[in-house]
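Novice:
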Amino acid sequence: MALDGIVTRAIVHELQGCIGGRISKIHQPNGHDVVLTLRAQRGNSKLLVSASPTYPRVHYTEKTFLNPTEAPMFCMLLRKHCEGAIIENIRQIGMERIIHIDVRQRDELGDVSVKRIIIELMGRHSNIILLDPITETILDGIHHVTPSISSYRVVMPGFSYTAPPEQHKSNPLEISKTEFENSYTTAEEDASRWLVNAFSGLSPLIAGEITARAVAADSEKLTSTEGESRIEGEALWSAFESVMGLVKNHVYTPVTGMNAKGKMIFSAIQLQSIQDGEKTYDTISKCMEDYYGDKAERDTVKQRVSDLLRFLQNERSKNIKKLDNLNKDLLEADDADKFRLWGELLFASLHQVNKGDKTAQLVNFYDEDQGTLTIQLDPLLTPSDNAQRYFKRYNKYKNSLAVIHDQLGKTKDEIAYLDNLLQQLSIASMNDIEEIRDELVQQGYLRDRNKKGKKKKKNDRPTVHQFTSSEGIDILVGKNNLQNEYVTNRLASANDTWLHTKDIPGSHVVIRSTDFGEATLEEAAQLAAYFSQAKESSSVPVDYTFIRHVRKPSGAKPGFVIYDHQKTLFVTPNEELIKSLPSTIKNG
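Following this note's numbering, the numbering of the sequence shown begins with 26 at its first residue and continues without gaps.
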């Protein structure tokens, strides 16, 4: 796990600036994240506290979170006991991934009340617990652990708090050289594994870094033991002390990059194991915000969209098969004139053909060269009936041509619509998924799961993603069809500029101004390319025109528009540029 005791220590050190500050707002955007808005000497800031089983973490964040209309019970409890409270203390427990935040607030009666927020960053056992520190009684936890789940520690309101089981490891900041070398001498594992098993807070990543430094510092201090190389205690201690000395004195160099296996890693200290794409940061929060990015949400989204993804891919496959069959029918129907010709030639030559003939060699009098045609016959039919049969086939195919062309158009539109939805799912947030699901219900693809439950208000507006260009101009981005239609047809004015990738599924983008420069146009085109199927491509064509030249054909699928008077820009999506643009999410 990348988030170890050293990263936790760096976070807690960074959070010391919050002490004396006030928790002004508390939100819980989902089932495992809490966002605290803090007001301290450094100004207003947002602290993300996540008990995600996959990506547990704590750091300052610049991200905008969409909160549910009704706050969850745990959020309501936090607001009751911690909103408006002063932060008195933030500390790490030893070198473990456990953080205690003590807050002081006046209750309804005016009495001073002290509460403790315990953050346990322990993989799938991660939790956020609100505690009364005087009685050690749990007020609630974001994740409940019932007696049936764990007999050792229960996380439920009213139970006494029990800390996670101790691992009985040494604190790497407090061990002496003699203790270190004596312990290592008796160890049977290799150096890296021994470091992980012997010291709290050391991840395999940091243990590997220490052993790599030991080897690099003095490769001659390798002795042979039963045919295997083993680092000498003094060399390992020297490398260990060089790393832990930085940690002890809070000298951090947050960094991200790719290791030898091509995997992205991050750390609070410099790493020799980074092979490519090294990037350093001013603070551990900026490092973690960049490293985690949308990973946590993308994972949750993947779980939530799996059924939709499967449904849309099946629908697409069915339509691709239908398209193939229609094209085969079209090829057959294109031969309709051949059957008409054969019928006419047979009628003109009835005297040359007899019942029982299997073929007829007839002169094609429509041909300038008067060539001969071989026509297949049904020997059970008269020559006249054979001619009638070919006329019937001609009329059948002639009549079906119009139907086939109509079906071909509809099937191609259907595939384009499904491709568009699949692209939207690839960039969807949690809220976007529900809007896509609502659209599929409205279009009759899915049954309404909430039919018997609470009905949605008719005036509910979709969310809108708003970016601000480097020139201070608002740019709206729709990430699904409901948002696209709302942004283009409802929010935008006639003289606003509309952008979309040319012939590629993607988002509707609107520059909400008539007065902007090249920088804003370029950034809007970047957004259109980034939120499209061509996100990973280069030189992506992006059309732009005024909103007054954009219109939705009658009866068209949601999000489908036609436009004219457009010009085209070519851009290569730049993720760094997109992330640098200030953004927010609004409910309509």
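Using N, Cα and C, we set each Cβ at its ideal position, and we do this for glycine too. Remember, predicted model here, so these are calculated numbers, not experimental data.
Throw me the rounded Cβ distance for the Leu348 and Ile440 pair, which I believe falls under 8 Å.
Specialist: As a position in the sequence shown, residue 348 is number 323, starting the count at 1. As a position in the sequence shown, residue 440 is number 415, starting the count at 1. Yes, they are in contact, since the Cβ atoms of Leu348 and Ile440 sit about 7 Å apart, within 8 Å.
Novice: Suppose contacts are defined by Cβ-Cβ distances below 8 Å. Is Tyr209 in contact with Pro190 by that definition?
Specialist: Taking the first residue of the sequence shown as 1, we reach residue 209 at position 184. Taking the first residue of the sequence shown as 1, we reach residue 190 at position 165. Cβ distance not < 8 Å, so Tyr209 and Pro190 don't count as in contact.
Novice: How would you call Pro408, buried or exposed, if buried means at least 16 neighbouring beta carbons within 10 angstroms?
Specialist: For the purposes of this step, residue 408 is taken as residue 383 along the sequence shown, with counting starting at 1. Buried, by the Cβ-count rule.
Novice: Which residue marks the beginning of the alpha helix (DSSP H) containing Gln432, and which one marks its end?
Specialist: Along the sequence shown, read from residue 1 onward, the residue named residue 432 stands at position 407. Counting along the chain, the alpha helix (DSSP H) containing Gln432 begins and ends at 408-451.
Novice: Over the uninterrupted beta strand (DSSP E) stretch that includes Thr609, give me the two end residues.
Specialist: In the sequence shown, counting from the first residue as 1, residue 609 sits at position 584. That run of the beta strand (DSSP E) goes 608-612.
Novice: Label Met120 either buried or exposed according to how many other C-beta atoms from any shown protein chain fall within 10 Å of its C-beta, with 16 as the threshold for buried.
Specialist: Counting from one through the sequence shown, the residue named residue 120 turns up at place 95. Its Cβ being crowded by 16 or more others within 10 Å, Met120 is buried.
Novice: Express the C-alpha separation of Asp438 and Ala412 in angstroms, rounding to a whole number.
Specialist: Against the sequence shown, residue 412 aligns to sequence position 387. Against the sequence shown, residue 438 aligns to sequence position 413. The alpha-carbon atoms of Ala412 and Asp438 are separated by roughly 39 Å.
Novice: How long is the line joining the alpha carbons of Ile293 and Thr281, rounded to whole angstroms?
Specialist: As a working mapping, residue 293 is identified with position 268 in the sequence shown. As a working mapping, residue 281 is identified with position 256 in the sequence shown. Checking the sequence shown, residue 293 turns out to be Ala, not Ile. Cα-Cα distance, rounded: 9 Å.
Novice: Taking Cβ positions, are Arg537 and Leu501 nearer each other than 8 Å?
Specialist: As a working note, residue 537 is residue 512 in the sequence shown. As a working note, residue 501 is residue 476 in the sequence shown. Going by C-beta atoms, Arg537 is nearer than 8 Å to Leu501.
Novice: For the segment 334-347 against the segment 56-67, are there 3 or more C-beta pairs whose distance is under 8 Å?
Specialist: No: the two stretches stay apart, fewer than three of their Cβ pairs being nearer than 8 Å.
Novice: Do three or more CB pairs link the segment 126-135 to the segment 88-99 at distances below 8 Å?
Specialist: No, because fewer than three Cβ pairs between the segment 126-135 and the segment 88-99 fall closer than 8 Å, the two stretches do not touch.
Novice: Taking all protein chains shown into account, do 16 or more other C-beta atoms lie within 10 angstroms of the C-beta of Glu545, making it buried, or fewer, making it exposed?
Specialist: For the purposes of this step, residue 545 is taken as residue 520 along the sequence shown, with counting starting at 1. Just to set this straight, residue 545 is Thr in the shown sequence, not Glu. Flag for Thr545 reads buried.
Novice: Looking at the strands, I want to know which residues DSSP matches up with Gln117.
Specialist: Residue mapping note: residue 117 aligns to position 92 of the sequence shown, counting from 1. Looking at the DSSP assignment, Gln117 forms a beta bridge with Ile124.
Novice: Please report the distance separating the alpha-carbon of Leu198 from that of Leu261.
Specialist: The residue you call residue 198 lines up with position 173 of the sequence shown. The residue you call residue 261 lines up with position 236 of the sequence shown. Whole-angstrom Cα-Cα distance: 15 Å.
Novice: Please go through the same chain and pick out, in chain order, the residues whose beta-carbon is closer than 7 Å to the beta-carbon of Thr250, but skip the five residues on each side of it.
Specialist: In the sequence shown, residue 250 corresponds to position 225, counting from 1. For Thr250, the predicted structure reports a pLDDT of 42, less than 50, and the residue's modelled location is therefore unreliable. A value from the coordinates is still provided. Here the set comprises nothing.
Novice: Are the Cβ atoms of Ser310 and Glu600 separated by less than 8 Å?
Specialist: Reading the sequence shown from its first residue, position 285 is the one you call residue 310. Reading the sequence shown from its first residue, position 575 is the one you call residue 600. Contact flag unset, no.
Novice: Please classify His193: is it buried, with 16 or more other beta-carbons within 10 angstroms of its beta-carbon, or exposed?
Specialist: Position 168 of the sequence shown, counted from the start, is the residue given in the question as residue 193. His193 comes out exposed.
Novice: Shortest alpha-carbon distance to Leu615 belongs to which of Ala554, Pro566, Lys423?
Specialist: Past the boundaries of the shown model lies residue 615; the chain is included only from 26 to 613, so the question cannot be answered.
Novice: Quick one: complete alpha helix (DSSP H) runs, 4+ long, within the segment 197-261?
Specialist: As far as the segment 197-261 is concerned, its whole alpha helix (DSSP H) runs of at least 4 residues are 202-210, 216-223, 229-242.
Novice: Looking at the structure shown, is Tyr306 part of a helix, part of a strand, or coil, going by DSSP?
Specialist: Taking the first residue of the sequence shown as 1, we reach residue 306 at position 281. If DSSP states are grouped into helix, strand and coil, Tyr306 belongs with coil.
Novice: Just to confirm my understanding: we take Gln491, look at its own chain, exclude 5 residues before and 5 after, and list those with CB closer than 8 Å. What are they?
Specialist: Mapped onto the sequence shown, residue 491 falls at position 466. Excluding residues within five positions, the ones whose Cβ falls inside 8 Å are Asp499, Ile500, Leu501, Val502, Ser608, Thr609, Ile610, Lys611.
Novice: When the Cα atoms are used, what is the spatial distance from Asn114 to Arg141?
Specialist: What you label residue 114 is simply residue 89 of the sequence shown in a count that begins at 1. What you label residue 141 is simply residue 116 of the sequence shown in a count that begins at 1. Looking at the two C-alpha atoms, the distance is approximately 9 Å.
Novice: Between Asp392, Asn55, Ile163, which lies nearest to His106 when the distance is taken from Cα to Cα?
Specialist: In the sequence shown, residue 106 corresponds to position 81, counting from 1. Closest by alpha carbon: Ile163.
Novice: With a 10 Å radius around its C-beta and 16 neighbouring C-beta atoms as the bar for buried, classify Glu322 as buried or exposed.
Specialist: In the sequence shown, the residue the question calls residue 322 occupies position 297. Buried, since its Cβ has 16 or more Cβ neighbours within 10 Å.
Novice: Would you check if there are 3 or more beta carbon pairs closer than 8 Å linking the segment 351-365 to the segment 391-400?
Specialist: These segments do not touch.
Novice: Which whole-angstrom value is the C-beta distance of Ile153 and Ala76, which I expect to be below 8 Å?
Specialist: Position 128 of the sequence shown, counted from the first residue, corresponds to residue 153. Position 51 of the sequence shown, counted from the first residue, corresponds to residue 76. Ile153 to Ala76, Cβ: 5 Å. Contact.
Novice: If contacts are defined as beta-carbon pairs under 8 Å, then Ile36 and His84 qualify, I think. What distance do you get, rounded to the angstrom?
Specialist: As a position in the sequence shown, residue 36 is number 11, starting the count at 1. As a position in the sequence shown, residue 84 is number 59, starting the count at 1. Confirmed, about 6 Å.
Novice: Taking a contact to mean a Cβ-Cβ separation below 8 Å, would you say Pro583 touches Glu510 in this structure?
Specialist: Here residue 583 refers to the residue found at position 558 of the sequence shown. Here residue 510 refers to the residue found at position 485 of the sequence shown. Yes, they are a contact pair.
Novice: Closer than 6 Å by C-beta to Phe99: which residues in its own chain qualify, once you throw out the five before and the five after it? Chain order, please.
Specialist: Here residue 99 corresponds to residue number 74 of the sequence shown, with the count starting at 1. Asp165, Ile167, listed in sequence order.
Novice: Between the beta-carbon of Leu220 and the beta-carbon of Ala237, is there less than 8 Å?
Specialist: The residue given as residue 220 occupies position 195 in the sequence shown. The residue given as residue 237 occupies position 212 in the sequence shown. Not in contact: Leu220 and Ala237 (Cβ atoms no closer than 8 Å).
Novice: Of the residues Gly148, Val240, Leu103, Leu102, which one's Cα is nearest the Cα of Arg122?
Specialist: The sequence position of residue 122 within the sequence shown is 97, counting from 1. When each option's Cα is compared against that of Arg122, the closest is Gly148.
Novice: Once you ignore the five residues that flank Pro172 on each side, which residues in its own chain have a CB closer than 7 Å to its CB?
Specialist: Position 147 of the sequence shown, counted from the first residue, corresponds to residue 172. Contacts found: Val179.
Novice: Under a three-way DSSP split, which group does Lys482 fall into?
Specialist: Along the sequence shown, one-based indexing puts residue 482 at 457. Reliability of the predicted coordinates at Lys482 is poor, the pLDDT of 48 falling under 50, and no value is obtained from them.
Novice: Is it buried or exposed, His376, if we count other Cβ atoms within 10 angstroms and call 16 or more buried?
Specialist: Counting from 1 along the sequence shown, the entry for residue 376 is found at position 351. When all chains shown are included, His376 counts as exposed.
Novice: Expressed to the nearest angstrom, what Euclidean distance is found between the alpha-carbon atoms of Ser263 and Glu303?
Specialist: Taking the first residue of the sequence shown as position 1, residue 263 is located at position 238. Taking the first residue of the sequence shown as position 1, residue 303 is located at position 278. So the alpha carbons of these two residues sit roughly 25 Å apart.
Novice: Which residue spans inside the segment 91-176 form an unbroken alpha helix (DSSP H) run of at least 4?
Specialist: Correct list: 98-107.
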